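Student: Before we start, here is the structure in question, set down as structure tokens.
Residue numbers (the numbering used here), protein chains in the order written: chain A, 1 to 506; chain B, 1001 to 1689.
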């Protein structure tokens, strides 16, 4: 076999999560009444655009989750394949040039020379101190000073071209699919998308896709010959680091939440529902836990873990397994310390809900406590859970950065937004300043968290059966109606109403 | 008389998810100076949107698309927002339905009134304080110098509404829009507030646009009346005309739907169908689909204003000159056509008490301090006894805060009673464990007041209905395979038909239903477990008159068909007169008077019962109607007054009332009261008749 599959702990949990999500999706598909709200999610323009972006991140994250050890060329004495000690992921293979093209040290984005002067031995034996050429970045250029700009422009244009070409293929494919489904002809479908009359906001999705694909095209074209986002202190490509960080961010965001949720849900609802001594115990527990600075608690736990790992090096086959266990442990300890906020919120909401008349009615039927909690209270606090989880997601990614900063975060061998930001601390203080690593981490994190937020917003709106939102489609129809009505008979009044409500024309 | 407010062909649209809702569709009206004009209509017909259009305070999705609103001949729709601010509060001001929500809890009353004064007058701080004092004095707030610096939560409901009125009056408006000003208040407080509004109007010569759904309030307050239906005015008349000869079929139906004592043995008239959706474009008459006199013409041609008398206009084809129409004929048919309910059969049953409550007490401890010591008790229910016979209805009447609901819930053991006994079929319920109680749960059920909060918004109707059956293991009658998702589907269908809902509705969520339909679902849920006793906690108070009639008919037919007993908790005397067999009047945790319905209503003995009955707004002013005004509010049940609880508000108070609680005075085998005005039971037995 050319490779040896490796399933790390976090990989296993991610696979489990994916299976759960797939099972849930299958279950929802079978039940019409559960499917209806998800259809509304699909109809939300912002939600679907966000999902498109999110899917890109998730794909990268999942590709990065499939780990294996490639076989080495030589065989051992018994004729068995020998596998590398380095654990790679599918994603690493895809972006091999990014991974392997390592420079000496800092270089700016799309640069052809190093960012710092160094002493170079010339062939004639003399030495000069200058900005050295990069080993890989722009190495194909004969005269980087003159050719670089035009080369970049050309590659950008080609990249955009490829991106848009891929995009148009997608549009054509989509239209054919739609035409097949709705029994319309191709042009009708295209014009329906263009006039935004389709149920699913393909217009918004396609615009997002166009931008995303153009960016990806440009990046692909440039990345083979340049360091698009520059290199870091040891010359590693910052784009590669940013892409690798996505998995860590997703793992910390989702797994921590998964660990935290049962605590918060169960204890919060129990405290609010049962009141009395149960409430007292839970309240005292989380007040106590909250009053200990969580950084101290996490630091203590992580350091203990670190000592354990170092005492038992034979437990781990590879460095990756060690780093991964540390990451998992970090998730667990973050989860244990961060459930208090959500727990308090849920307790308050449950206190309110338990006095609702439908809960009283359930009591009057002698419905069991467990059933009241699961059927009546839990669905009605899910919106809080959803919002809190998404809010926590960004908080947790940042917490990881802070913990890495004080040295108790992820393993130093792991690339994460936290370690990148941590490194930026010194880079920002440097003169001339190295800004690209921080910018890259910032940009990727912002996109990830923002799209997660927008998507969660759309989900929350759709899942609440009471919400009826003003859809984009009707707003447009409204404008048309108003414009048509205005010149015919109500000229003066439509003027007055538009002066009154300037928002409706904007 | 010159017109103060002139609305011409107003059209207001609400942009919602599906289609624009024409909340107000071509409304025209005129209000003269110093006049009280009532806009009458059921919820959802566009009354409040009319008021908000006049104030130009529509929600974001609202838009005025046509028409003009002139106040003193100035079109306020042409004004910029900044100009509008000079009008609001100064020329037009508004009081809202919910006084609890319309005052800011972090500002004192004085500060809130001062906001209006600052905006419209240039007063020195001293003058402003004097003016606030004067205003609060005007609306009858006792000790205004002290209370003006209190916060709204320190005020009771009636006082809050008074403060709200003071705030509305601060700008000395020419027009006061009162949007359901007394709907959230008790009858005795309502009487106080209405009286106050009348006084202020006479003193300030101010016009009032009164928006309400309560025919009684209209009849007490209004000079002219407009009936609104589905976004337009269908009838316009003076009060006398309107109450003597209502013309539009809709108005007639409203009168026929009112529960009254005279209608006891017949089902109430019900307007079939629902208010039409305002999203559609109307071709003919809007009421045509629900009208019994609808002709082909009604469906095709939009009716124009027809004149009945010069002051009485109606939008109905029946009154157009070319169609002969007999007014009297109309009234009789309106009451005749009713929902088909089974004829009432007075099933005589032995007077075995189904439920017996003895000396029930529910006290809530007040805890304070670090160690949460008990520093006092809120005596929500304080020694209450009552008895319900199988198949009969007992009405428990009282103002909000007197402990009615607590009684209902403690009978069902949803709240644990502090003392006393509740016996159902001679079995004691107090002190039963959860498990033991569960055996009994299917015998008695509860119907809640607010159909909007009594159904879980995230469960479908079928899930709501099966929940109780599953929990109590009600046996399935049909042979169904156990693998089906809903083995009880057939029973659910039967239940829904029983309460008059189509069976397809079981797959929907509660928010897709109107208030009346939701209440039907709540009733169906209670019926699902075949109870013998239903405790109904104000089941119609959140509903419109016509919907209330439907629910009352439903309850009555259920009683006849299934032999249910009801404990009907309410503050609505008209409903009691219509539905109840026995009545118990409750004041501050105790029953002050009880008896057969006829005895108590026609001959109330306790001063509180007398005041309560007189405070109910009357529609017909045939007999001399004198309102006994009660001063003040219900005292706090944490510190009930000594002696008779009612003595601080009683017009007949005697020294002995302050000292001890009166014993029972009996007038007949069933009619008893607790009052010192009548001979006490232990001292003499002669009845005062």
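Each residue gets a CB set at the ideal place from its N, CA and C atoms; glycine is no exception.
The model shown is predicted, which means the values in this text are computed figures rather than measured ones.
#1: Would you say residue 113 (chain A) reaches chain B, if we count a Cβ-Cβ gap shorter than 8 angstroms as a contact?
#2: Could you tell me which residues DSSP pairs with residue 1395 (chain B) in its beta bridges?
#3: Hey, residue 155 (chain A) and residue 213 (chain A): beta-carbon distance below 8 angstroms or not?
#4: Can you grab the Cα-Cα spacing for the pair residue 1022 (chain B) / residue 1277 (chain B), in whole Å?
#5: Got a sec? Which residues, its chain only, sit under 7 angstroms from residue 332 (chain A) by beta carbon, not counting five neighbours each side?
#6: So, for residue 1190 (chain B): in the same chain, excluding its five sequence neighbours on each side, which residues have a beta-carbon less than 6 angstroms away from its beta-carbon?
#7: For chain B, check one thing: does any of its Cβ atoms lie closer than 8 angstroms to the Cβ of residue 395 (chain A)?
#8: Could you spell out where the beta strand (DSSP E) holding residue 130 (chain A) opens and where it closes?
#9: Using DSSP with H/G/I as helix, E/B as strand and the rest coil, what is residue 368 (chain A)?
#10: Tell me the DSSP secondary structure of residue 113 (chain A) in three-state form.
#11: What span of residues does the alpha helix (DSSP H) with residue 1049 (chain B) cover, start to end?
#12: Please classify residue 1335 (chain B): does DSSP put it in a helix, a strand, or coil?
#13: Quick one: list the residues of chain A neighbouring residue 1232 (chain B), beta-carbon separation under 9 angstroms, in chain order.
#14: Just curious, the beta strand (DSSP E) that residue 1536 (chain B) is in, first and last residue?
#15: In the DSSP output, which residue or residues are listed as bridge partners for residue 1124 (chain B)?
#16: Please list the segments of the alpha helix (DSSP H) lying wholly inside the stretch 1605 to 1660 of chain B, counting only runs of 4 or more residues, in order along the chain.
#17: So the alpha helix (DSSP H) residue 1404 (chain B) belongs to, where does it begin and stop?
#18: Among all the DSSP beta bridges, which residues are the ones paired with residue 118 (chain A)?
#19: In chain A, which residues lie with their C-beta within 8 angstroms of the C-beta of residue 1220 (chain B)?
#20: Taking 6 angstroms as the limit between beta carbons, can you name the residues of its chain near residue 15 (chain A), skipping five residues before and five after?
#21: Which same chain residues end up closer than 7 angstroms to residue 420 (chain A) when comparing Cβ atoms and leaving out the 5 residues on each side of it in sequence?
#22: Select from B:1405, B:1310 and B:1306 the residue whose C-alpha is nearest the C-alpha of residue 1396 (chain B).
#23: Could you give the residue range of the alpha helix (DSSP H) that holds residue 336 (chain A)?
#24: For the stretch 224 to 241 of chain A, enumerate the residues whose C-beta is nearer than 9 angstroms to any C-beta of chain B, in chain order.
#25: Short of 8 angstroms in beta carbon distance, which residues of its chain neighbour residue 1551 (chain B), apart from the five on each side in sequence? Order them along the chain.
#26: Confirm, please, whether the CB-CB distance from residue 1567 (chain B) to residue 951 (chain B) is below 8 angstroms.
#27: Going by DSSP, what residues sit across from residue 1596 (chain B) in a beta bridge?
#28: Less than 8 angstroms between C-beta atoms, sequence neighbours within five positions excluded: which residues of the same chain meet that for residue 1313 (chain B)?
#29: DSSP three-state call for residue 1326 (chain B): helix, strand or coil?
#30: Just checking, does the stretch 1040 to 1056 of chain B make contact with the stretch 1209 to 1217 of chain B on the three C-beta pairs under 8 angstroms criterion?
#31: Since residue 1044 (chain B) meets chain A, which of its residues come closer than 7 angstroms, beta carbon to beta carbon?
#32: Spell out whether any CB of chain A is found under 8 angstroms from the CB atom of residue 1458 (chain B).
#33: Please list the residues of the stretch 339 to 363 of chain A that have a C-beta atom closer than 9 angstroms to any C-beta atom in chain B, keeping them in chain order.
#34: Tell me, please, whether the CB atom of residue 1357 (chain B) is closer than 8 angstroms to any CB atom in chain A?
#35: If distances are taken between C-alpha atoms only, which option among B:1158, B:1664 and B:1318 comes closest to residue 1096 (chain B)?
#36: Kindly identify the DSSP beta-bridge partner or partners of residue 1010 (chain B).
Tutor: Put simply:
#1: Position 113 of the first chain, counted from the start, is the residue given in the question as residue 113 (chain A). No, because no Cβ of chain B sits closer than 8 angstroms to the Cβ of residue 113 (chain A).
#2: As a position in the second chain, residue 1395 (chain B) is number 395, starting the count at 1. Residue 1395 (chain B) pairs with B:1568 and B:1583.
#3: Taking the first chain and counting its residues from 1, one reaches residue 155 (chain A) at position 155. Taking the first chain and counting its residues from 1, one reaches residue 213 (chain A) at position 213. Cβ atoms of residue 155 (chain A) and residue 213 (chain A): not closer than 8 angstroms.
#4: Numbered from its first residue, the second chain carries residue 1022 (chain B) at position 22. Numbered from its first residue, the second chain carries residue 1277 (chain B) at position 277. Each residue's Cα considered, the two are about 9 angstroms apart.
#5: Taking the first residue of the first chain as 1, we reach residue 332 (chain A) at position 332. When the five nearest sequence neighbours on each side are left out, the beta carbons in the same chain lying within less than 7 angstroms of the beta carbon of residue 332 (chain A) are those of 259, in order along the chain.
#6: To locate residue 1190 (chain B), count along the second chain from 1; it is residue 190. Around residue 1190 (chain B), the same chain offers 1182 as residues with beta carbons nearer than 6 angstroms, after the five sequence neighbours per side are excluded.
#7: To locate residue 395 (chain A), count along the first chain from 1; it is residue 395. Closer than 8 angstroms: no.
#8: Translated into the one-based positions of the first chain, residue 130 (chain A) becomes position 130. Where residue 130 (chain A) is concerned, the enclosing beta strand (DSSP E) stretches over 127 to 133.
#9: Looking up residue 368 (chain A) in the first chain gives position 368. The three-state reading of DSSP puts residue 368 (chain A) in coil, since its state is none of H, G, I, E or B.
#10: Your numbering for residue 113 (chain A) matches position 113 in the first chain. Here residue 113 (chain A) sits in strand by DSSP.
#11: As a working note, residue 1049 (chain B) is residue 49 in the second chain. Per DSSP, residue 1049 (chain B) belongs to the alpha helix (DSSP H) from 1047 to 1055.
#12: By 1-based counting over the second chain, the position of residue 1335 (chain B) is 335. Reliability of the predicted coordinates at residue 1335 (chain B) is poor, the pLDDT of 41 falling under 50, and the value obtained from them is presented with this limitation in mind. Note: residue 1335 (chain B) maps to helix in three-state DSSP.
#13: Locating residue 1232 (chain B) in the second chain gives position 232, counting from the first residue. By Cβ distance, chain A contributes nothing, its closest Cβ being about 18 angstroms from residue 1232 (chain B), past 9 angstroms.
#14: Here the question's residue 1536 (chain B) lines up with position 536 in the second chain. It spans 1533 to 1537 - the beta strand (DSSP E) in which residue 1536 (chain B) sits, taken as one unbroken run.
#15: As a position in the second chain, residue 1124 (chain B) is number 124, starting the count at 1. DSSP lists no partner for residue 1124 (chain B).
#16: Here the runs fully enclosed are 1607 to 1615.
#17: Within the second chain, numbered from 1, the residue matching residue 1404 (chain B) stands at position 404. Start and end: 1404 to 1411.
#18: For the purposes of this step, residue 118 (chain A) is taken as residue 118 along the first chain, with counting starting at 1. Bridge partners of residue 118 (chain A): A:130.
#19: As a first step, residue 1220 (chain B) must be located in the second chain, where it is residue number 220. Those within 8 angstroms of residue 1220 (chain B) in chain A number zero; the least Cβ separation is about 32 angstroms.
#20: Residue mapping note: residue 15 (chain A) aligns to position 15 of the first chain, counting from 1. Counting only Cβ-Cβ distances below 6 angstroms, and skipping sequence neighbours, we find nothing.
#21: What you label residue 420 (chain A) is simply residue 420 of the first chain in a count that begins at 1. So the list reads 241, 245, 437 and 441, once near-sequence residues are dropped.
#22: Sequence index remark: in the second chain, residue 1396 (chain B) carries index 396 (1-based). For residue 1396 (chain B), the nearest C-alpha among the options comes from B:1405.
#23: Here residue 336 (chain A) refers to the residue found at position 336 when the first chain is read from its first residue. 319 to 353 is the span of the alpha helix (DSSP H), which, as asked, contains residue 336 (chain A).
#24: none
#25: Within the second chain, the letter at position 551 stands for residue 1551 (chain B). Answer for residue 1551 (chain B): 1516, 1519, 1520, 1523, 1539, 1540 and 1543, listed in chain order.
#26: Nothing can be reported for residue 951 (chain B): it is not among the residues displayed for chain B, which extend from 1001 to 1689.
#27: Here residue 1596 (chain B) corresponds to residue number 596 of the second chain, with the count starting at 1. Beta-bridge pairing links residue 1596 (chain B) to B:1582.
#28: Sequence index remark: in the second chain, residue 1313 (chain B) carries index 313 (1-based). For residue 1313 (chain B), where only same-chain residues beyond five positions count, the Cβ hits under 8 angstroms are 1235, 1236, 1237, 1305, 1306 and 1307.
#29: Taking the second chain and counting its residues from 1, one reaches residue 1326 (chain B) at position 326. Per-residue confidence for residue 1326 (chain B) stands at a pLDDT of 45, beneath the threshold of 50, marking its modelled position as unreliable; the derived number appears in the next sentence. Coil at residue 1326 (chain B), not helix or strand.
#30: yes
#31: Taking the second chain and counting its residues from 1, one reaches residue 1044 (chain B) at position 44. Going along chain A, no residue has its Cβ under 7 angstroms from residue 1044 (chain B), so there is no contact; the nearest lies around 15 angstroms.
#32: Walking along the second chain from the start, residue 1458 (chain B) turns up at place 458. Yes, residue 1458 (chain B) counts as interfacial toward chain A.
#33: 356, 357, 358, 359, 360, 361, 362 and 363
#34: Your numbering for residue 1357 (chain B) matches position 357 in the second chain. No, because no Cβ of chain A sits closer than 8 angstroms to the Cβ of residue 1357 (chain B).
#35: One-based indexing of the second chain puts residue 1096 (chain B) at position 96. Among B:1158, B:1664 and B:1318, the Cα nearest to that of residue 1096 (chain B) belongs to B:1158.
#36: For this step, residue 1010 (chain B) is matched to residue 10 along the second chain. Its beta-bridge partners are B:1027.
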